[in-house]
Every structure is written in structure tokens, then in C-alpha cells.
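In what follows, a single structure is set out as C-alpha cells and then discussed.
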Amino acid sequence: MTDPKNDPARDFEASGAAARLAGILREPTCLVGVGHILRRDDGFGPWIAGAVRPGLSGTTVRVIDAEDVPENFVPVIARADCRNVVFVDAVTAEGPPGSVVFGPLADFGEVESSSTHHLALSLSGKFLEAAGKRVFLLGVVPADLGFGSGLTAAVERTATALRDLILRSAAPPSD
């Protein structure tokens, strides 16, 4: 059972960062899942992309599963009618597995290996910013990046909470 005092997903939802993410998702946004599904928690980005895609049809959020080659999608994203780009990926950061980081991608530039796909994301982000996009990183601290399928329990709990937050945030207002 999870200790409610040590719940990274709940901590993120209670933070101002979750509210900032929610605001971004109310605008035209491209949500880009990044990662390799056969490297356990590195599959976080593709897991999120697959989990939210059906619920976001008819919204202003476009979902792309870039797998482990986000640079291949930069030209499409640069031309897309969206103000924001949110890369979703496993990251090397402070905190226990399942902890969430969020902010402008450029803010993570000085952090060594902030993403498991750092170089590709960094260059992709610079190109997209030059195209007039606001580029963000939504990351989770992984527990296991070894070969295997499926997310670890800690990362799956966070992924489920973030899926729900994304779907709530991007939903059209009800009458």
C-alpha cells in the first residue's frame, strides 16, 4: 500500500505546477510522448500518449507518440497549429521514483541528463522555440530503465494520476 504522506502524484497536483500545466492544456497544445516502451519506465511518455489520445479527440490538444525519436516529429510539430508543446518523458531528477517535474524545457538545459533523451529533446526544443512555440517538459523520475515491458508501480501510479489531470484539464467546458 502507498504511504499517503509520500505520494509524488498528489504532491504534484497540490503544487502550482499542476495548475500551470492545466492552463497550458486549455490552449492549442501538442502533447508529445517520448520514450522506449521496452525500457520499463522509459515507456512513461508513450504510455501517457496512448492513455490520453482517445479522450482528447475534439479538443485543442494534439497527441503524438514520438517513441524514442522525438527529433523525427519536429517539422510536423513546428507547422502544427499549436502554441505549446509539452514533451512527456522519463527524467533524471531529484526525488523518489514517480516524482514529477514540469516547466519550460529550456530550464532543464543546465541539468545534466535531465531526460533519458536529453540531446534529442534539447535540440528539438530549440528548433521549436525558433518556430515560435512555447516548449515544456513534463517528466517523471523512473525507478527502472532496464529492458522489460510495463511501468513500475510507482511510475504507473503517477502516470495514472497525470492521465486523469490531462484529461480533466483539456476537456471542453461543460454548459
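Just so you know, my numbering puts the end of the sequence shown at 285, numbered straight through with nothing missing. Even for Gly, the Cβ is constructed at its ideal location relative to N, Cα and C. Keep in mind it's a predicted model, so treat the numbers as computed, not measured.
Check: Taking all protein chains shown into account, do 16 or more other C-beta atoms lie within 10 angstroms of the C-beta of Ala129, making it buried, or fewer, making it exposed?; Outcome: exposed
Check: I need the boundaries of the beta strand (DSSP E) containing Ile147, first residue and last residue.; Outcome: Looking at the DSSP string, Ile147 is not in any beta strand (DSSP E), and its letter there is neither H nor E.
Check: Would you kindly work out how many angstroms separate the C-alpha atoms of Asn194 and Gly208, rounded to a whole number?; Outcome: 24 Å
Check: Note down, in chain order, each residue of its chain lying with its Cβ closer than 6 Å to the Cβ of Glu239, except the 5 sequence neighbours on either side.; Outcome: Val245
Check: May I ask you to report which of helix, strand or coil DSSP gives Ala241?; Outcome: coil
Check: If you measure between the beta carbons of Arg172 and Ala190, is that distance less than 8 Å?; Outcome: yes
Check: Three or more beta-carbon pairs under 8 Å between the segment 254-263 and the segment 144-162, yes or no?; Outcome: yes
Check: If we ignore side chains and look at the alpha-carbon of each, how far apart do Ser234 and Val250 end up?; Outcome: 19 Å
Check: Alpha carbon to alpha carbon, how far is Cys192 from Ala280? Give it in angstroms, no decimals.; Outcome: 14 Å
Check: For Asp217, count neighbouring Cβ atoms within 10 angstroms of its own Cβ and tell me buried if that reaches 16, exposed if not.; Outcome: exposed
Check: Leaving aside the five residues before and after Glu220 along the sequence, list all residues of the same chain whose C-beta is less than 7 Å from its C-beta, in chain order.; Outcome: Here Glu220 scores only 48 on pLDDT, less than 50, and its place in the model should not be relied on; the value that follows carries that caveat. The answer is none, since no qualifying residue turns up.
Check: Give me the Cα-Cα distance between Thr169 and Pro282, rounded to the nearest whole angstrom.; Outcome: 7 Å
Check: Please name the residue in Val196, Ala271, Pro185 and Gly160 whose C-alpha comes closest to that of Asp121.; Outcome: Ala271
Check: For Phe197, which of helix, strand or coil comes out of DSSP?; Outcome: strand
Check: Starting from Phe364, trace the alpha helix (DSSP H) in both directions and tell me its first and last residue.; Outcome: Absent from the structure is residue 364, since the part of the chain shown begins at 111 and ends at 285.
Check: Would you say Phe154 and Ala269 are within 8 Å of each other, going by their C-beta atoms?; Outcome: yes
Check: Go ahead and pull the three-state DSSP assignment for Leu261.; Outcome: coil
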